[in-house]
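In my numbering, the protein residues as written are 63 to 1009.
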C-alpha cells in the first residue's frame, strides 16, 4: 500500500490518503532514449470528490519503505460526475528550469563539486544526495537553467533522480541523486506464468553494422585541418586480453560473429557491413580504436525490447533476468520503463532497449541498456537462438577458461534433450581432469563424490560416479562416515540445554532462543509428557540475553541483556587471581521504573554526549553550558583598559597580558606570550596566513594543521570543540582559552634546551628564557626567533607598572534565587535549531513577572526602541561610567526612558517573553559598544557577576 499526499501551492500538506482510497493511481517512470533528456515521470490519479484537495497544487507519492517521496506538480484537474481527476508531472524538472546559473566554468572538477557549485550559483534550495560518478568535468555553464545543466552532465555519463523529504506537514529537503546508471544489477528472475503475466518480444534490426572505420581529429595544416588520424598502426589481440582481434595495417574493427549473422551475402560468404564514425576530439590512435570499439558494441546488434506485466517488479533502471522457456527467451536486461498501478498493485515494465525513440538515429547513450564488452555479456544481447548456444558458457565458469563451478544441462547429464540447467557441480580444481573432490546439486538432493585426480575427464564421468555422502530432498542423510568429536552448526530446536558446573550456585540455560543465567536447580528425571515440564528444569532467573522484536511489524529488531530485580549485572575486570572488580554495573536496586547504573575507573567517551536531566561533578551541578567558562577556564578579563592603553593594537596586547596575569602567569611569562604573539600575528585573532587554504596558520598563535588536510581556522575550531571552548572563535578570549587547554594537552613538548613543563613555564621570571621556551616547546619552528625576546622585553617594559582596572561593582538584574537557563557562547538555537552565538546570559527566578533591576549606575541610552535589533523585544540598554553597556531583553514592560539616569538596583521594567523567545526570562548582556560590530564586543556576564 502506498502513501499519497496532496499539497497546496506553498508545498504544505493538505491531506494524506492510502492508495486503496483511489479509483485510479497510475505512476509512469521512463528512462529516455536520449541522454540529453532527463527521466520522464508522470502521475495520473482519480478519487471521489473531496473539496479539501480540489485546489491542490502538488501530489507526493511514497511507494517504498524509505522516508523519501516523489513529488508531482498538478497540470490539470477535472471535476466530473462527483469524481476528481488529476494529471501531474514530476515537479523537479519543471522547478529546476526556473533557476538560472550565471557563469560556472569547471576545469577537471569532480561531479559532486560541479553539481554543488551549480546549485549554489543558481540559488535553488536543492541539495545533492548520492553522487556515484568519479570522472571529472570540464565545461562551461553560462546563463543556463539548472535543468539544462543537469542534462549536459547526463550526456557525460550519468543519470539523475529526484526526491523530497517531508517532516510534519511540509517539505524539509529536496534531493538530487546522481548515478552512473539508475538501478543496480540484481539477482531478480522473472518466470513466465509466475510473476510475469505476459511477455511481448520486439526486435529492431535497423541500421546494423558489423565493422566500423574510426577517424579522429584532423592534422593541423595552415589555417585549418587536414587528413584525420586513424588506428591502422594499432594492433589488438584477444590473446592479450583485448575484446577483438585487429591486425596492424587494418583501418577498421570488426565483430566476426555479427558479420556471420548479419553481414552482406556475397559469393557464398558474408561480408562485413561497414560505416565510418568520426571523433573530432580524439588525437590518440589507441584511444580512437577503443572509442570505435565502444560504438561497434552497440551498433552491431539488433535492439531487443520486452514489454511485460509483472507482479512485484524491480525498480526502474535495475538489471534483471526474464525467461519464457517455451519461446526460448532468456535475457538479462534493464528495466527502462515502469508503469505502476498503486490501486491494484500491478506493475507493467518494459525491459531491454527503449524503442520508443528514433531507432534509425541510434545514438549511443549510457541511459539505454548498452554494453561495453559484448563478449562477456552474450546473454544480454543475443536473441533466443543464440542464447541457446551460449547459455552454458555464461553460466558455467568452468572448462577451458578455468573455474570451479559447472552448470550441467539436461543433454550433458543424459536425462533430457533440454539445454536448461539440470544440476550444478562444484569441484576443487579449475577443470574436471584436475579435480579430485566434487559436490553435485540437483532435484534429487546433494551428493559428494571423490576420484583420483585425472580419473574423470568429462561431466558424464562425474554424473555417473558413485557418491560417498548424500543428503536427499526428503531429509535423509547417508554418509560413509562421520568424524566424531565436535559437531559444528548443530540445530537443536524445542528443548532446553543446561550447563552446570560442580558445586555451582547457578546454571546456564539455552531455551526458546534465549540464553539465561539462573539459580541452580538440580534436575534428575524429567517427565516431558507434563505440560509444565520446564519447571523441573529452570531455576530462578538472574540475568538473560534475549532477542527483541518490533510489536508493530512482528519482526526481530535486535537483542538485549536483561537484569532481574534484586540481582546485579556487571562487566568486570579480572585481577588474575580468580577475583574481579566491576567496571560497569547495574545495581541490585535498579528497577524498571527507576533504572540505574554505575561506572568505575578511568574512561574515555568519544563523540557528542547528550544529557537529559541534571549533571553533577563531585556533587556540583553543572548548568546548561558547563557553568560558563570552558577550555582554559576563567580568563580574568573584565574588558577594562588602563588610561595609558589607547590604540587598538595596544588593547589587543593588553587583553592577552591581563588574561595571562589573571590565569597565574608571572609578568615575565606573560610578556613571553606577547613577544610570540607579535611574531606570529601581531596579536590579531583573525590573522590568516594562507587565506583559508589548508596547511597554513590562523589566529593569534597561528594554529596550523600539520597534516595539510584543513585550513588553520577549521583546525583551530575543531580544537576548540574538543576543548569545550564556546566563545566566538575569532576573538582573543576564545583563543587564549584554547592556548590554556592546548598547551598542556599535547602541544607543549619540553626540549633539552628548555626542559620546562607548561606549569613551570608560567612561573619563569627571565624574559628571554620564557620567550625562547615558548618558541621551542610550543611553536617548534624550523628557524630560531631571537627577536621575540626583544619584543617580549618591550611589552614587559610597557605594561609592567600599569594597574589592571577593576571591572566595577555590578549586581544581578533580578532577585534570588537565580537560575541560568542558557549560558553565554555558542549553542543550538531553541527557536531555529541551528548553531548560533548567544551574546548574553538567560536568567530566571521562578517569578515570570519579576522586576528587572539596573545592574549598576548609568544612563539609559535605549528603551523599547523598535529600530534597535528587533530580536530583543522590549529592550533596555544602560551606559555605565566605566564605558561598558548592559542590556536587558524580552521585558513585558519598560519603566524608564532614554536619557534617564538610573541607580544600581532601580527597577527599569518587568520580566517577559517579547520578541523571539520560548518563555519568560531576562536576556542579560555586557557590551563594550552600543551597537556591537562583532561578537568580540560582547562579554560574558559571569566575568562581572558571580551567579
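Glycine residues also receive a C-beta, built at the ideal position from the N, C-alpha and C atoms. Nothing here was measured: the structure is a model prediction, and the numbers come from that model.
query: Under 8 Å between C-beta atoms of residue 1002 and residue 840; result: no
query: Rounded separation between residue 890 and residue 726 - CA only; result: 33 Å
query: Pair within 8 Å by beta-carbon distance, residue 280 and residue 344; result: no
query: Contacts around residue 718, its chain only, beta-carbon distance under 8 Å, and the 5 residues preceding and following it disregarded; result: 732, 735, 736, 739, 745, 762, 794, 798
query: Cα-Cα separation between residue 981 and residue 974, rounded to whole angstroms; result: 8 Å
query: The stretch 932-940 in contact with the stretch 955-972 per 3-pair CB rule at 8 Å; result: yes
query: Meets three-Cβ-pair contact criterion under 8 Å: the stretch 181-198 and the stretch 157-167; result: yes
query: Inter-stretch contact (C-beta, 8 Å, three-pair minimum) for the stretch 573-585 and the stretch 608-625; result: yes
query: Cβ contact (3+ pairs, closer than 8 Å) linking the stretch 773-793 and the stretch 814-822; result: no
query: Beta strand (DSSP E) segment containing residue 624, residue limits; result: 617-625
query: Expected contact under 8 Å - CB spacing of residue 777 and residue 788 to nearest Å; result: Actually they do not touch by this definition, with Cβ atoms about 18 Å apart.
query: Under the three-state DSSP convention, the category residue 408 falls into; result: strand
query: Where the beta strand (DSSP E) through residue 780 begins and ends; result: Element bounds for residue 780: not the beta strand (DSSP E) but the alpha helix (DSSP H), 774-785.
query: Cβ contact (3+ pairs, closer than 8 Å) linking the stretch 641-657 and the stretch 625-633; result: yes
query: Same chain, Cβ closer than 6 Å to residue 861, five either side skipped, listed in chain order; result: 719
query: Assigned secondary structure, residue 64 (DSSP; H/G/I helix, E/B strand, else coil); result: coil
query: Residue 355 and residue 305 closer than 8 Å at C-beta; result: yes
query: Alpha-carbon spacing of residue 505 relative to residue 535, whole angstroms; result: 7 Å
query: Residues bridged to residue 204 (per DSSP); result: 165
query: Those residues which DSSP pairs with residue 487 across a bridge; result: 468, 502
query: Pairwise C-alpha distance: residue 339 and residue 328; result: 24 Å
query: Counted within 10 angstroms of its Cβ, other Cβ atoms place residue 158 as buried (16 or more) or exposed; result: buried
query: Cα-Cα separation, residue 290 to residue 302; result: 28 Å
query: Option nearest residue 245 by Cα separation, candidates 363, 175, 91; result: 91
query: Beta-carbon gap between residue 134 and residue 155 smaller than 8 Å; result: no
query: Under the three-state DSSP convention, the category residue 804 falls into; result: helix
query: Expected contact under 8 Å - CB spacing of residue 604 and residue 626 to nearest Å; result: 6 Å
query: Which of helix, strand or coil DSSP assigns to residue 968; result: coil
query: Residue from 332, 620, 352, 66 whose Cα sits closest to the Cα of residue 321; result: 332
query: Residues bridged to residue 1010 [DSSP beta-bridge criterion]; result: Nothing in the structure corresponds to residue 1010, since the chain is present only between 63 and 1009.
query: Coarse secondary structure for residue 523, derived from DSSP in three states; result: helix
query: Rounded C-alpha distance that separates residue 362 from residue 271; result: 5 Å
query: CA-to-CA distance, residue 650 to residue 657, given in whole angstroms; result: 10 Å
query: Given 8 Å, three or more beta-carbon pairs between the stretch 869-881 and the stretch 902-916; result: yes
query: Under 8 Å between C-beta atoms of residue 80 and residue 119; result: no
query: Classification of residue 655 by the beta-carbon crowding that lies within 10 angstroms, buried from 16 upward; result: exposed
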